[in-house]
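Chemist: In my numbering, the protein residues as written are -19 to 155. No residue lacks a Cβ here, since even glycine has one placed at the ideal position from N, Cα and C. Bear in mind the structure is a predicted one, so any value in this text is a computation, not a measurement.
(1) So, with DSSP's three-state summary, where would you put residue 115?
(2) Taking only the alpha-carbon atoms, compute the straight-line gap between residue 113 and residue 127 and give it to the nearest angstrom.
(3) Going by C-alpha to C-alpha distance, which of 72, -17, 99 sits closest to residue 110?
(4) Counting only the same chain and skipping the five closest in sequence on each side, list residues whose C-beta sits under 8 Å from that of residue 43.
(5) In the DSSP assignment, find the unbroken alpha helix (DSSP H) run with residue 10 in it and report its ends.
(6) To test your reading of the DSSP string, which unbroken alpha helix (DSSP H) runs of 4 or more residues are found completely within the stretch 74 to 118?
(7) Can you list, in chain order, the residues of its chain whose CB lies under 8 Å from that of residue 86, leaving out five sequence neighbours each side?
(8) May I ask you to report which of helix, strand or coil DSSP gives residue 37?
(9) Would you tell me roughly how many angstroms separate the C-alpha atoms of residue 27 and residue -12, rounded to the nearest one?
(10) Work out the CA separation of residue 102 and residue 131 for me, nearest whole Å.
(11) Between the C-alpha atoms of residue -2 and residue 124, what's the straight-line distance to the nearest angstrom?
(12) Under 9 Å, do residue 83 and residue 52 count as touching if we go by C-beta distance?
(13) Determine the extent of the alpha helix (DSSP H) in which residue 132 is found, giving its start and end residues.
(14) Just mark residue 120 as buried or exposed, buried being the case when its beta carbon has 16 or more other beta carbons within 10 Å.
(15) Helix, strand or coil: which one does DSSP assign to residue -16?
(16) Which of the three DSSP states is assigned to residue -11 in this structure?
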């Protein structure tokens, strides 16, 4: 090996060692198991950010399908979790629309709506509109096809009106 090659190798190894030490201070792992977990999370985050930067970012179809299955089985917490893992950068309007819709479905009540879930859903719907203001769902199982319709349902659900005390409200159906 030439002297220059040894020097270059030494510089590269020193740089990697320095990066590793900086990462250890940043991640603050408590044990060796946590080191591997945090390293995997860091690598996934860097990979996702790189995909976004070079324009190859895509939603994880397997996670999205799992989320859709949970959504159709009315398991909205698991559905949101899978949708969020499918689109960690929150860049896909369809995935974000399903997250917002899951807040609507879970928060809808025959007597009263869950205001906390409706507020989260309204924020999520605004994110969908920011991503794609012309988004329209192709899912035949959803009665509300656009973010505007969903936003209207959230806003109406958050208002307190005299109609809220109507006993016939019990007969309304979730969309």
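Modeler: This is what the structure gives:
(1) coil
(2) 8 Å
(3) 72
(4) 62, 63, 65, 66
(5) Run containing residue 10: none; DSSP gives neither H nor E here.
(6) 95 to 111
(7) 56, 57, 94, 97
(8) coil
(9) 27 Å
(10) 6 Å
(11) 53 Å
(12) no
(13) 127 to 138
(14) exposed
(15) helix
(16) helix
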